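Residue numbers (this note's numbering): 2 to 265.
The C-beta atom is built at its ideal place from N, Cα and C for all residues, glycine as well.
All values derive from a computational prediction rather than experimental measurement.
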């Protein structure tokens with residue numbers, strides 16, 4: 002039976018993996034409550050030494066893209082420290098202990114300029130600081146020598162999880178409060194059911210493949226189209242969903258709600 006270490010297992014994706022697979026894969030989570038700060042390699046080393054495992058799923062990340070944008074270029078900022086330095090520390094400890102690293106990345110490593118679906122071998126081209134730090138984190142893993150699997154996920158959603166709203170929850174809340182922002186029509190996203198992501202984690206734990214894999218939903222649509230579907234599903238008037246343009250929005254700001262990308 003595989004013993005699994007995790008970072009970020011209390012978040013949107015990680016908590017669902019634990020819900021579904023903890024009995025199959027006994028799991029120990031590393032975070033501040035267990036004495037681990039991933040920007041401190043010694044604390045990781047101490048925890049890993051005390052908790053033997055053959056796999057580590059690294060989910061922890063600084064994901065607030067607006068706050069990340071405010072830190073652009075700042076290697077001492079929290080975004081860089083968590084996403085790059087933290088990942089470097091995780092990879093180094095895993096390599097030293099012979100632990101297979103599953104590094105969870107994002108579609109934000111791409112800029113969305115490609116006219117066809119992105120594939121795993123496409124060069125990264127992030128638009129903003131969050132995406133850049135995640136792209137750097139991927140390179141850190143690849144250069145570390147650790148046996149690793151990099152899984153890029155996009156727009157995860159799940160049912161009945163109030164602790165952290167997903168893309169569906171944000172749309173529903175916007176419809177309920179009458180404060181739904183205009184939804185982009187000029188970009189394509191691939192929302193992904195979290196149970197499918199968790200199943201992919203389980204398969205990777207078992208097979209331990211090397212390389213980069215895109216783990217995303219099969220339906221590609223614009224945020225505007227998605228919001229219309231959410232409105233209908235929850236009994237709202239779909240005319241409440243207004244059109245917006247990512248191209249125009251990016252002239253002034255970046256957003257954590259949507260990233261330009263092709264379907265995968």
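Taking only the alpha-carbon atoms, compute the straight-line gap between residue 119 and residue 39 and give it to the nearest angstrom.
-> One-based indexing of the chain shown puts residue 119 at position 118. One-based indexing of the chain shown puts residue 39 at position 38. Approximately 30 Å between the Cα atoms of the pair.
Mapping DSSP to helix, strand and coil, what is residue 10?
-> Residue numbering aside, residue 10 sits at position 9 when the chain shown is read from its first letter. The answer is coil: DSSP assigns residue 10 none of H, G, I, E or B.
Look at residue 139 and residue 116 and say whether their C-beta atoms are less than 7 Å apart.
-> Translated into positions along the chain shown, residue 139 becomes position 138. Translated into positions along the chain shown, residue 116 becomes position 115. Not in contact: residue 139 and residue 116 (Cβ atoms no closer than 7 Å).
Could you check what DSSP says for residue 30 in three-state terms: helix, strand or coil?
-> Residue mapping note: residue 30 aligns to position 29 of the chain shown, counting from 1. The answer is strand: DSSP assigns residue 30 an E or B state.
Return the first residue and the last residue of the beta strand (DSSP E) that residue 36 is part of.
-> Against the chain shown, residue 36 aligns to sequence position 35. From DSSP, residue 36 is part of no beta strand (DSSP E); its letter is neither H nor E.
Per-residue burial, residue 72 [other beta carbons within 10 Å of its own, 16 or more giving buried] | Position 71 of the chain shown, counted from the first residue, corresponds to residue 72. Counting Cβ neighbours within 10 Å, residue 72 comes out buried, since at least 16 surround it.
Inter-residue spacing [alpha-carbon to alpha-carbon] between residue 53 and residue 98 = Position 52 of the chain shown, counting from 1, holds the residue named residue 53. Position 97 of the chain shown, counting from 1, holds the residue named residue 98. Between residue 53 and residue 98, the C-alpha separation is close to 9 Å.
Would you list the residues sitting across from residue 157 in a DSSP beta bridge?
-> Taking the chain shown and counting its residues from 1, one reaches residue 157 at position 156. In DSSP, residue 157 forms a bridge with 193.
Residue from 75, 3, 122 and 229 whose Cα sits closest to the Cα of residue 176 = One-based indexing of the chain shown puts residue 176 at position 175. That would be 229, whose Cα lies nearest to the Cα of residue 176.
Under the three-state reduction of DSSP, which class applies to residue 143: helix, strand or coil?
-> Mapped onto the chain shown, residue 143 falls at position 142. Helix at residue 143.
For residue 123, which of 200, 129 and 114 has the nearest alpha-carbon?
-> Within the chain shown, residue 123 is the residue found at index 122, counting from 1. Residue 123 has its Cα closest to that of 114, out of 200, 129 and 114.
Give every residue of the same chain whose Cβ lies closer than 6 Å to the Cβ of residue 42, excluding the five residues on either side of it in the sequence, and list them in chain order.
-> Position 41 of the chain shown holds residue 42. So the qualifying residues of the chain are 90.
Rounded straight-line distance, which links the Cα of residue 193 to that of residue 178 = As a position in the chain shown, residue 178 is number 177, starting the count at 1. As a position in the chain shown, residue 193 is number 192, starting the count at 1. Cα to Cα, residue 178 sits roughly 25 Å from residue 193.
Can you give, in chain order, each stretch of the beta strand (DSSP E) that sits fully within the segment 73-146 and has at least 3 residues?
-> 101-107
Tell me, which residues are paired with residue 58 by DSSP?
-> To locate residue 58, count along the chain shown from 1; it is residue 57. BP columns for residue 58 point to 7 and 103.
Assign residue 207 to buried or exposed, taking buried as 16 or more other Cβ atoms, counted over all protein chains shown, within 10 Å of its Cβ.
-> Against the chain shown, residue 207 aligns to sequence position 206. Looking at its Cβ environment, which holds fewer than 16 other Cβ atoms inside 10 Å, residue 207 is exposed.
Return the CA-CA distance between residue 13 and residue 238, expressed in angstroms with no decimal places.
-> Residue mapping note: residue 13 aligns to position 12 of the chain shown, counting from 1. Residue mapping note: residue 238 aligns to position 237 of the chain shown, counting from 1. Roughly 28 Å separates the two Cα atoms.
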